[in-house]
Amino acid sequence: MDSCSPFDSLLFDLDDTLYSSNIGFGDATKRNIDDFLVEKCGFEQRKASALRLQLFKTYGSTLAGLRSLGYDVDADDYHRIVHGRLPYHLIKPDPQLRNLLLSISQQKIDLKDCRDGDGSTQRRRKIMMYMEACAPITG
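Quick note on my numbering: the sequence shown kicks off at 6 and runs consecutively.
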């Protein structure tokens, strides 16, 4: 632990924070969730966006909402569709951020891994690879 800090770990939320929000991940994620609702849960395409928003507002995430409503959703399958189809190639290397992250001695944890479990690990690795950040953020 860094002698100047009382903290032994830092939580990071990778979504639109360590990479530019202008690359379109937010909109792509929403489209992918809508696709999941249609492809895997059988909802009508025209109702998917409203349902996604309702589940998010009520349960904090679409996945949590589906599970609360009794849907047997496999988290890995969900993440494969929702995060696996994101345009990772649009993330640009950020040497300055890489050096900053490597200079921090505390353990760096992806907040999404805390919330969603192992399904986010592959997503984090892809993001860190495209950022050329040597994956200093763990689960």
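Glycine residues also receive a C-beta, built at the ideal position from the N, C-alpha and C atoms.
Across the structure, Ser110 and Asp79 are spaced so that their CA atoms are roughly 35 Å apart.
Its chain contains Asp13, Ser14, Leu15 and Thr143 as the residues whose beta carbon lies nearer than 8 Å to that of Gln112, once the 5 sequence neighbours on both sides are disregarded; these appear in chain order.
For Asp18, there is no enclosing beta strand (DSSP E), since its DSSP letter is neither H nor E.
In the structure shown, Asp40 adopts helical secondary structure according to DSSP, grouped into three states. Within the model, the alpha-carbon separation for Ala33 versus Ser73 is close to 24 Å.
Counting along the chain, no alpha helix (DSSP H) covers Lys45, and no H or E run does either.
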